[in-house]
Structures are given as C-alpha cells and as structure tokens.
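Asker: Got a structure here, written out as structure tokens. Questions coming.
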Amino acid sequence: MFLRLIRIISRSAVLLLLFWSCRKESSVPVDAPVNLTPYAITYPYYFPILELPANNPLTLEGIDLGRHLYYDTILSRDGRACANCHFQASAFTTYTSNALAHINLGWNNSFLWNGKVQGSMEDIMMFEVEQFFNTDVAKMNRSVFYRKEFKKVYNSDTITPQLLSYALSQFFRAMVSKNSLCDKFFLHTASLNASQTRGFNIFTTEKGDCFHCHSLGLFTDNKFHNIGLDSIFIGVNVGRYNVTGKESDLGHFKTPTLRNIELTAPYMHDGRYTTLEEVVDHYDSKVKHSNTLDPIMTKPSKLYGLGLTSQDKADLVAFLKTLTDTSFTNNPLLQKP
Amino acid sequence: MSRSCKRIESLKLFATILLAAVVFCFPSCKKESIDPTYSKAKFTIQMYSADTKIVWDNVGYSNAAGNTFGVSNANFYISGIVMKSATKTYTSKKAFYIDPKIAAKSYFLLDSIPPADYTEITMYIGLDKNTNKSNSLIATTDNVNMAWPDMMGGGYHFLKLEGSYLDSLNVTKGYAIHLGKNENLITVKLTKLMHQKYWNHTYTLNFNVNEVFANPYKYDLDLEANYTMSDSLAMLRIKNNMTDVFTLNQDN
Chain Y
1 MFLRLIRIIS RSAVLLLLFW SCRKESSVPV DAPVNLTPYA ITYPYYFPIL
51 ELPANNPLTL EGIDLGRHLY YDTILSRDGR ACANCHFQAS AFTTYTSNAL
101 AHINLGWNNS FLWNGKVQGS MEDIMMFEVE QFFNTDVAKM NRSVFYRKEF
151 KKVYNSDTIT PQLLSYALSQ FFRAMVSKNS LCDKFFLHTA SLNASQTRGF
201 NIFTTEKGDC FHCHSLGLFT DNKFHNIGLD SIFIGVNVGR YNVTGKESDL
251 GHFKTPTLRN IELTAPYMHD GRYTTLEEVV DHYDSKVKHS NTLDPIMTKP
301 SKLYGLGLTS QDKADLVAFL KTLTDTSFTN NPLLQKP
Chain X
1001 MSRSCKRIES LKLFATILLA AVVFCFPSCK KESIDPTYSK AKFTIQMYSA
1051 DTKIVWDNVG YSNAAGNTFG VSNANFYISG IVMKSATKTY TSKKAFYIDP
1101 KIAAKSYFLL DSIPPADYTE ITMYIGLDKN TNKSNSLIAT TDNVNMAWPD
1151 MMGGGYHFLK LEGSYLDSLN VTKGYAIHLG KNENLITVKL TKLMHQKYWN
1201 HTYTLNFNVN EVFANPYKYD LDLEANYTMS DSLAMLRIKN NMTDVFTLNQ
1251 DN
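Chain order of the listed sequences is Y and X.
Read in the working numbering, the first sequence has 156 at position 156, and its numbers run on one by one without any break.
Read in the working numbering, the second sequence has 1230 at position 230, and its numbers run on one by one without any break.
If you want it as structure tokens, here you go:
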C-alpha cells in the first residue's frame, strides 16, 4: 500500500514538475495529417524574410486545395470567383477592374488599397470568405470534393470559414513572382540593355526617386502614401481616411508592387491611367498639391515634379517592363485546375 | 522482504524518479533562468519638439528658424552602444531599427549588462561602416525599406525624418530629411548617471526634433533643401546638428 502511494506521489510530482517547467513554452499542436507534402517557398536574398504561421504549414495539397477555391464560384453566392477579376495572364488582376494584383501578398500585413484589413494572410482571407464573398459554408459542406479535400489537408470533417481562409492563404502564399529580367540582373545572370539600365538609374536615384516607396525586392514598401493624384478628396479618393478617420490620411493609398506592372493596367486605385507612360507623366509633372501630399513627393528646386526628358521617361518605362515575370504568369502551380 | 526493506526500496524509487524529473526538466527551463550577475535595460524613444510631445502629422511646432512644422514619420537606426562606469564598460554590437510611431518598434533592449552606476552612454544614429553595406542586415521589411541604393553609394538610410511645414506664404510643403553614407554617421554622447542594478531597468530617450534644425546650424526649411538625400552639404549640417538630439531619463 505504502509503495503504491509513493509511486502515485512520484508520478504526480514528475507530471507537476513537467507541467510547471514547460507550460510557457508549450504550443498548440497542429492537428494536421502527416502524409502531406511540405512545400518550401524560395525567394532571392533581397526579398524580406517571409514569416509563416506555425498552424498553417504550406503543403502541396494545401496549395492545391486553395487553388481550387480560387478558381471556383462556389466561394461566392453570386457566381463570383477570385479568378473572375484576377487572371493569371494579367499577373492576377484584370484590365476591367482596378483590383490590386495578387503578387507576393505573403509578405503583406495590410491589404486592399486603403488597408481596410490588417494582419496576416489568414485574416484577409477570412475577410474574403465572410464579407467579400459571404461564402455559403453549408453549400461548401455539401460538396463531396471539398469535404474530401479538407479532410485530407486539415483532417477536418467539417469545412469552416477558418479552414477556407487557411486553404486560400496557402495558395496566395505560393503566388510568388521572383524571376523577372530585373531579378536576373540583380543575381548577375542577365544584363539590362542601355535603355533599361538608364531607367534603373533613374528609378534608384533622386532623379526618379521611385525606390523610396517601391523598395527594391518586393517593389513596394507596404505603406500608404498620397502621391498627388488629387487635391480634393471625395468618394473613393479619400483612401485610407475611410479606415482611420484621420485627416492626415486623406488621399493615402497602399503602394502597389511594381512587379509585372506591364501586365496590370489600369493603374492607380481608380484605374485612371491606362499606360505606364501616363503614370510616369503623372510623377513628372502632374502631381497635385494638398496638405496631405507625401513629403517624399516634394523636391528642391522642382517642387512637385521630376523634370524628366522624353528619353528619361522612355528609359524608366523600359526598366519597369523588366519586372515582367512570365514564369509567374505561366506557373502551372497557379493555373486553373 | 521486510517492511523496512520495502520502505527503503520505495524511497529509492521516489528519489530516482525525482532526480530523473529534475534532470529532464532542467534543459527546458534554461531559457527562463536568470543570471544574477547581469541586468537588462529597455530604452524607449519618444519624439518631442522642445518640451512638447509630438503628435504625428500635427503641423504646429516651431523650430529655431521660425518654421512651423510637423512630423509624419521618423525611422532610424541606433547602434554602437557603449555604457561606461568608473570601473566597467558595456558594449552592444546590435543595431536597432526604431520607428517611434509604432509602439513595438519604439524601443530597444539591452541585456547582459554588468550592474554598475554608469555615468555615460554613447551611441550612433545610423550604422558603422562595417554594417553599412548593402544587404548586411537581416532582410526584414523595415531594413529593406531603409536600403540606400547602390547607385547612390549603398548601405542603408541612417535616418528618415519626414513631415510638413508652412512656407513663407503659409502654404503646406513637405520635407524629407534623409541621412546615409558613412561620413554622416552621428555619434551621440550622453552624460547621465544610470543606476543599473540587478534587475530590468527602463529609460526614456527623448528625441527633440528641434535639435535637428539647430545647433550649430540654424536650418530653415523654407531656405535650405527640404529634401536632403542628394545634398551632401545639407546632410552634413543635419548630421552636426543631431549630436545633441537626445536627452536621457531613467524611469526605474
């Protein structure tokens, strides 16, 4: 009897010690099947570090499930799918809308033109599922295909908005553009021609001063700026003000990536420009003054303008086109299933 | 087996299990152990215009030249930190990215500080020449956004200070004080008694923006370059002004 008591006390002591010593470092185990194929995202050294959530590890099966959802109108109640406005050939946007392109969004933590959704990829996907598409989850659960796939990827018998957001997040994280001519130039495996080189110089010096917001790498700083499109702000043009209510945010919009910019017309939050030449012209001489104009848009001696020549503008456009990545727009992993 | 033998066996078993538990648990506790011979310090940066705490984007502060100005963004690196007491010198080799606008990025932490009454702290605003090389820092989004393009010399921005001011006609204009390049590394030296005991201490570094625009050079935003990155003289003047931009207070 005494021996048994000692054993119970001993075991309890061990369990208690383990519990107290480790509780701060414990984590919720990922309840995912083990027979999945891990997928590692690779990217060049000049990209920021990609942070991935431990509770939604990337797998080929998960990405494929997200891909099916991306192209499937089942995600909405009115026949819409993500792919309706985001064509792969157009670097996942479309000429008929001013939707932001789905490129390298895994590095983002604020989404949409005005940053309405902040947080992780799973957060923005939850917004898409619950608010943008208002997905009929019951309908989703009646799909034999999706029930089987979610069981396989997330070991769940029920499809929930959270799991939908997780699967979509996997696909979005896999939408990586990193193989343009400019990337090859950065990696010293290709050269730019004379015009492209001059354009790169304009881009990365004060002459064009593009690099401050379109940081090399992702070609966005993931911040918000007023680039002088308007001096009076009404309707959609109020930008981030709609989210924060701060007057200083009037006319501020998220910096879009310039990767594949050649394919993502029309430009700006309202699609007001249809060509890259028009965009360059805006920065050169059409910036409008307002009290919330980004300080970076002012230049000594040439306030609100760059003073580019026709050749400079052509060179800048030539460089911008080196950001086109056809391996991205033809990536089989991202194609319609 | 006699009753006493059983008890001895039981005690042996108890002792063995306890010992195993202690040995097993010890490595898992390593991270939480406290070394009683060292202490930590947290330095939080707050933005001021003279004695007034800055409200971001509020164009309502005055500098020595009489400009009415506001601050929209401040991003900079603190590195090369050395604390000295009569008998001890503490050096940190870390570089800290600071964005006082964002609480989680408005401070830096120093650890393994030998307890002492420190009387002096020096630091760089910027990065020393060994670190100020393109891609030398971990590629976080913040560090990538601070890159100083190779076309302009490479490395990183030491400082971005941006905002608006009213010109002589009362029109709002922007300014962008950007510093980079090794010759513009700012050394700050603060003489202050810092009681660094065995526990965690907190300090506040007040960044007085007015000192960016004065001492020794009165920098008039309406007359000087409101955009410094390609202007060596403007950057030199700002560099010289900024050596006394900080004041230090010990909070506990």
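All C-beta atoms, glycine included, are put in the ideal place defined by N, C-alpha and C.
1. Who are Leu-1248 of chain X's beta bridge partners in DSSP?
2. Should Lys-1030 of chain X be flagged as near chain Y, meaning a C-beta pair shorter than 8 Å?
3. Return no unless some Cβ of chain Y is closer than 8 Å to the Cβ of Gly-1153 of chain X.
4. For chain X, check one thing: does any of its Cβ atoms lie closer than 8 Å to the Cβ of Ser-26 of chain Y?
5. Counting only Cβ pairs nearer than 7 Å, list the residues of chain Y close to Ser-1230 of chain X.
6. Within the same chain, show all residues whose beta-carbon is closer than 6 Å to that of Ser-165 of chain Y, passing over the 5 residues directly before and after it, in chain order.
7. On the DSSP letters alone, give me the boundaries of the beta strand (DSSP E) that Ala-1116 of chain X sits inside.
8. Quick one: residues in its chain with C-beta nearer than 8 Å to the C-beta of Ser-27 of chain Y, no 5 flanking neighbours on either side, listed in chain order?
9. Which residues, in chain order, does the stretch 111-142 of chain Y contribute to contact with chain X at a C-beta distance below 9 Å?
10. Are the stretch 183-197 of chain Y and the stretch 77-89 of chain Y in contact at 8 Å, needing three or more beta carbon pairs?
11. Could you say which of X:His-1178, X:Asn-1241, X:Asn-1182 and X:Pro-1114 lies nearest to Asn-1200 of chain X if we only look at CA atoms?
12. For Phe-150 of chain Y, which beta-bridge partners are listed by DSSP?
13. Quick one: give me the first and last residue of the alpha helix (DSSP H) that His-269 of chain Y is part of.
14. List, in chain order, every chain X residue whose beta-carbon is nearer than 8 Å to that of Ile-49 of chain Y.
15. Compare the C-beta of Tyr-1217 of chain X against all C-beta atoms of chain Y and say whether one is closer than 8 Å.
16. What does Asn-201 of chain Y reach in chain X if we use C-beta pairs closer than 8 Å?
17. Counting only beta-carbon atoms, is Phe-1144 of chain X nearer than 8 Å to chain Y?
18. Check whether the Cβ of Ala-1214 of chain X lies closer than 8 Å to any Cβ atom in chain Y.
19. For Gly-239 of chain Y, does the three-state DSSP call read helix, strand or coil?
20. So, do the stretch 1037-1050 of chain X and the stretch 1129-1139 of chain X have three or more beta carbon pairs nearer to each other than 8 Å?
21. Taking one C-beta from the stretch 193-202 of chain Y and one from the stretch 240-253 of chain Y each time, how about it: are there three or more such pairs within less than 8 Å?
22. What three-state label does DSSP hand Gly-1174 of chain X in the structure shown?
23. Just reading off the beta strand (DSSP E) that Asn-1075 of chain X is part of, what are its end residues?
24. Buried or exposed, going by whether 16 or more other CB atoms sit within 10 Å of the CB of Thr-309 of chain Y?
25. Less than 8 Å between the beta carbons of Ile-1078 of chain X and Ile-1098 of chain X, yes or no?
26. When you compare only the Cα positions, how much space is there between Ala-101 of chain Y and Lys-1181 of chain X?
27. Could you list which residues in chain Y have their beta carbon closer than 7 Å to that of Ser-1092 of chain X, in chain order?
Answerer: On the basis of the supplied data:
1. X:Leu-1205
2. Confidence in Lys-1030 of chain X is poor, its pLDDT being 43 and thus under 50, which makes the residue's placement too unreliable to answer from.
3. no
4. Confidence in Ser-26 of chain Y is poor, its pLDDT being 33 and thus under 50, which makes the residue's placement too unreliable to answer from.
5. Glu-206
6. Glu-122, Met-125, Met-126 and Val-129
7. 1116-1125
8. Model confidence at Ser-27 of chain Y stands at a pLDDT of 35, short of 50, so the residue's coordinates are unreliable; what they give is reported in the following sentence. If we look at Ser-27 of chain Y and ignore the five residues flanking it on each side, its Cβ neighbours are Ala-54.
9. none
10. no
11. X:Pro-1114
12. Partner(s): none; Phe-150 of chain Y has no beta bridge.
13. Run containing His-269 of chain Y: none; DSSP gives neither H nor E here.
14. Ile-1138, Ala-1139 and Thr-1140
15. no
16. Met-1151
17. According to the sequence shown, residue 1144 of chain X is Val rather than Phe. Chain Y, which has a Cβ nearer than 8 Å to the Cβ of Val-1144 of chain X, makes this yes.
18. no
19. strand
20. no
21. no
22. strand
23. 1073-1085
24. exposed
25. yes
26. 35 Å
27. By Cβ distance, chain Y contributes nothing, its closest Cβ being about 22 Å from Ser-1092 of chain X, past 7 Å.
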